[in-house]
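Notes follow once the structure below has been shown.
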Amino acid sequence: MNIISVGVNHKTAPIEIRERVSLSEVQAKEFLSNLIDDGIAQEAMVISTCNRTELYVVPGMAEVNGHYLKEYLIAYKNARKEVRPEHFFNRFYCNTARHLFEVSCAIDSLILGEGQILGQVKDAYRIAVETQSAGILLTRLCHTAFSVAKKVKTKTRLMEGAVSVSYAAVELAQKIFSNLSMKKILLVGAGETGELAAKHMFQKNARNIVITNRTLSKAEALAAELGTNQVLPFESYKEHLHEFDIIITAVSTKDYVLKEEELQQSMQKRRLKPVIILDLGLPRNVDPEIGKLKNMFLKDIDDLKHIIDKNLEMRRAELPKVQRIIDEELVGFGQWINTLKVRPTIVDLQSKFLEIKEKELERFRYKVSEEELRRMERLSDRILKKILHHPIKMLKSPVDTADNIPSKVNLVRNVFDLEEQNQLKQ
Amino acid sequence: MDNIMLDNAPLFLLAQLIPLLYMLSTGLYGADFFKSWSPAKTYKQPTLIISIVTHIAFIGLLTAPEGYRLNYSIPMIMNMVALTLAVVYMFIEFSTKTDKTGFFVLAFAMGAQLLASVMLSASPGGGPAFSGLGIGIHLLAAIFGFSAIAIAGLYSFLYLLLFRQIKNNRFGFLFENLPNLEVLEQLIKHAVAFGFLFLTITLLAGVIGSAQSSEVINIFDPKLIALVIIWMLYGASLFIRRLFGWDTIHMAYLLIVLFVFITVLVVMMSIFSPTFHGLSF
């Protein structure tokens, strides 16, 4: 039984190609149904995100290979002009499993250790289950992948530390203030960057977020989205600077929106209680001289990038640990696959012995009482169980490699004279 | 006096075990802080509790033949300093739910205990021993008070260190592992409050103890004057922020200076004023 994976991702293809082959949830369902209905796949799953579209297929026909699946997807997306098979990666069997494990725990991601991909793999599995294209093999593969991701998350630091500017801003704020829910936050600018920072703050329980923006309606819209409904007119927000513990600025401006003397006055009103100003604007929104004020922490994008670089370095250092976890799980998965290969022989073996038992008991059916027959049946069951214990244990032996399974299966089949028609389908 | 350690096997064993337990506790707190080793995170607090309980049992066993009277020899005081540092730290850890600074405090406790163990093994006796509940509380509270002051100084140092790291964009190991500034500020406050509380108990118990004693205490004894000055300074430091609008940075500098001043003062007093408030022991 083979598992093939083919796909495009940020390592194999540029963004325009990745966009060309991506599948929406509806398309993914239709595509999976086609694969099953056409007999191309016994089992199939597709992961489609902004960075990757990957197929995981247990072939249904001998001619189905990686190339076949690439062509099938290109044809389905009607993208023969733009997308070529060279844009795809192609993996088989254990390498497919390793790839899915690496994807699930985000070491194959553009941003190492990003947290979204596991949810996307779970979504892909859900879609496969809903379209009934996930069988025993993909189910086991996906559940092992989820377990790998969980182990990586709990046993390594791969997902720790901020790796985006807006999240680094939150991390820095938390290194000064212990409880963001008790702090008053001012967001100057309701653009994309400010919005992202405010949302990260909100996720860390910051609820007292006040928004100011040149266009008041935009500030009101973002405040409503966050559920704070607190806005300040852009013309007058500086009168309230002393009330805020954290100030985030993210506006497009040529001149500084916050100047040294304004902050000096606000610090006096605050009786020197610490303030952090996160200047996420480019060009900078805040006069750098403000950073020299007492108890004032001013950080711009370059400063925050120091945190990001340090966190990425720390994440990279965790890669050997992650690979060890993946290797361990891969061994377990390989052993489970091997037990699949011996399962028909075990079933045949049990059936043959049950048949013998039934035949032999049948000869005594009218010669002994009901009670005695039941006793004989129980005795036979016990003897069969003991006789079969060792051969089944030997077949299921976890130390086997894929290579020696056929010879062992053949040995058992020859010794016990098992019929050939049920033999293992490779 | 015979060496009690050599005559009493359990006492001898405990004397060897305690420094090992302190080393283990410090090692576990260090392994958690520097290496984020998960077994260290799990076992560090139980190990610290076992160390403290064992230490108390040791002191009980050591002082039992003399009616549980503590000898205030230098090794015994160092022994008590190790214990009180560990106990005060444990209270702070429980009360603030912050366990990331243990290594720094326990390293001092371990050092004090190692020296104390070496010195106690050689000569467990010596030094004045006092009777009476009042004087016992007076001396124990003084040791607890100075331990809390030492911890406040240490936390103040960590606060300044982290403050500078953030200001100068050095987001390295300490930035990652130390508690945030607000928590460190809280730890300083707790340590100062503990220190002030114990110094107050020291003074009150001293007054009660002297009232019960038939001997006349020299109220101009430098140790006594120093204790009152220290008590007033720490008391003031509790309110200085509200009174003068000082920020934590200035408080941290003050507490470090106070800690250094007190340490120098105590050493000087021990050298130049070896008597106990003029009492004849």
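Quick note, the sequences are listed as chains A and B, same order. Each step along the first sequence adds one to the number in our numbering, with nothing skipped, and position 383 is 385. Each step along the second sequence adds one to the number in our numbering, with nothing skipped, and position 182 is 244. All residues carry an ideal CB built from backbone N, CA and C; glycine is no exception. The structure displayed is predicted, hence computed values, not measured ones.
Any C-beta of chain B under 8 Å from that of residue i
| i | result |
| --- | --- |
| leucine 314/A | no |
| isoleucine 178/A | yes |
| isoleucine 1/A | One cannot answer for residue 1/A here, as it falls past the ends of chain A, which runs 3 to 428. |
| leucine 274/A | yes |
| aspartate 289/A | no |
| aspartate 125/A | no |
| aspartate 500/A | Outside the shown range of chain A, which is 3 to 428, sits residue 500/A, and nothing can be said about it. |
| asparagine 36/A | no |
| glutamine 423/A | Unreliable placement is indicated for glutamine 423/A, whose pLDDT of 46 sits below 50; the coordinate value is still reported in the next sentence. Not an interface residue. |
Own chain residues within Cβ distance below 6 Å of residue i, not counting five before or after
| i | result |
| --- | --- |
| leucine 120/A | Ser106 and Ala151 |
| glutamine 423/A | Residue placement at glutamine 423/A is poorly supported in this model, since its pLDDT is 46, which falls under 50; the coordinates are not used for a value here. |
| tyrosine 127/A | Cys144 |
| isoleucine 279/A | Ile249, Val288 and Leu300 |
| glutamine 425/A | Interpretation of glutamine 425/A is limited by its pLDDT of 45, a score under 50 that renders its predicted location unreliable; no figure is taken from the coordinates. |
| glutamate 21/A | none |
| lysine 427/A | In this prediction, lysine 427/A scores a pLDDT of 43, lower than 50, which makes its location untrustworthy; no coordinate-derived value is stated. |
| isoleucine 76/A | Arg82 and Val85 |
| arginine 317/A | Leu114, Gly115 and Leu160 |
| leucine 177/B | Met140 |
| isoleucine 310/A | Val165 and Ala170 |
Minimum Cβ-Cβ distance from residue i to chain A less than 8 Å
| i | result |
| --- | --- |
| isoleucine 228/B | yes |
| aspartate 309/B | yes |
| asparagine 360/B | What the structure shows of chain B is the stretch from 63 to 343, and residue 360/B is not part of that stretch, so it cannot be assessed. |
| asparagine 231/B | yes |
Neighbour list for residue i in chain A, Cβ cutoff strictly below 7 Å
| i | result |
| --- | --- |
| leucine 79/B | Here the premise fails: no neighbours, minimum Cβ distance about 33 Å. |
Under 8 Å by beta carbon: chain A residues contacting residue i
| i | result |
| --- | --- |
| glutamate 244/B | Ile178, Phe179, Ser180 and Asn181 |
Any non-hydrogen atom of the ligand MN within 7 Å of residue i CB
| i | result |
| --- | --- |
| glutamate 173/A | No copy of the ligand MN occurs in the structure displayed, which carries no ligand at all. |
Residues near residue i in its chain [Cβ-Cβ closer than 8 Å; skip 5 each side]
| i | result |
| --- | --- |
| leucine 76/B | Thr116, Ala119, Phe120 and Leu123 |
| isoleucine 348/A | Ile394, Leu397 and Lys398 |
| asparagine 53/A | Asn11, His12, Arg20, Ser111 and Leu112 |
| phenylalanine 233/B | Gln227 |
Neighbourhood of residue i by C-beta, 7 Å cutoff - its chain only, sequence neighbours within 5 removed
| i | result |
| --- | --- |
| threonine 146/B | Ile205, Phe206 and Ser209 |
| phenylalanine 225/B | Leu243 and Ile311 |
| isoleucine 327/A | Val150, Lys153, Val154 and Lys157 |
| leucine 216/B | Phe166 and Val167 |
| glutamine 122/A | Ile49 and Thr51 |
| valine 346/B | With chain B represented from 63 up to 343, any question about residue 346/B goes unanswered, as that position is not in the structure. |
| glutamate 379/A | Leu363 |
| alanine 102/B | Leu90, Ala93 and Asp94 |
| alanine 171/B | Tyr84, Ala144, Leu147 and Ala148 |
| tyrosine 95/A | Asn4 and Ile5 |
| asparagine 215/A | Gly191, Ala192, Ala221 and Phe236 |
Within chain B, the residues that residue i reaches when beta carbons sit closer than 9 Å
| i | result |
| --- | --- |
| histidine 308/A | Asn231, Arg232 and Phe233 |
Nearest-angstrom Cβ-Cβ length linking residue i and residue j, presumed shorter than 8 Å
| i | j | result |
| --- | --- | --- |
| glycine 68/A | alanine 43/A | 13 Å between Cβ atoms; not a contact. |
| threonine 133/A | lysine 31/A | 5 Å |
| lysine 240/A | proline 285/A | Wrong, their Cβ atoms sit about 20 Å apart, outside the cutoff. |
| threonine 325/B | leucine 249/B | Rounded, the Cβ-Cβ distance is 20 Å, inconsistent with contact. |
| serine 168/A | alanine 192/A | No, serine 168/A and alanine 192/A are not in contact; Cβ-Cβ is about 14 Å, not under 8 Å. |
| serine 24/A | glutamate 56/A | The Cβ separation is near 11 Å, so there is no contact. |
| leucine 375/A | arginine 365/A | Actually they are not in contact, since the Cβ atoms of leucine 375/A and arginine 365/A sit about 11 Å apart, beyond 8 Å. |
| tyrosine 70/A | phenylalanine 33/A | In fact, because the Cβ distance is near 14 Å, the residues do not count as touching under 8 Å. |
| leucine 260/A | lysine 296/A | Contact doesn't hold; Cβ gap of about 16 Å is too wide. |
Chain B residues whose Cβ lies nearer than 8 Å to that of residue i
| i | result |
| --- | --- |
| phenylalanine 299/A | Ile228 and Lys229 |
Which full runs of the alpha helix (DSSP H) of 4+ residues lie inside the stretch 224–311 of chain B, going along the chain?
235–239, 243–274 and 284–306
Please list the segments of the alpha helix (DSSP H) lying wholly inside the stretch 116–192 of chain A, counting only runs of 4 or more residues, in order along the chain.
119–132, 138–157 and 167–178
Would you list, in sequence order, the uninterrupted alpha helix (DSSP H) runs of no fewer than 4 residues that lie entirely inside the stretch 47–95 of chain A?
68–78
If we require 4 or more residues per run, which alpha helix (DSSP H) segments fall completely within the stretch 314–351 of chain A?
none
Ordered list of beta strand (DSSP E) runs contained in the stretch 233–318 of chain A, each at least 3 residues
233–235, 248–251, 277–281 and 298–302
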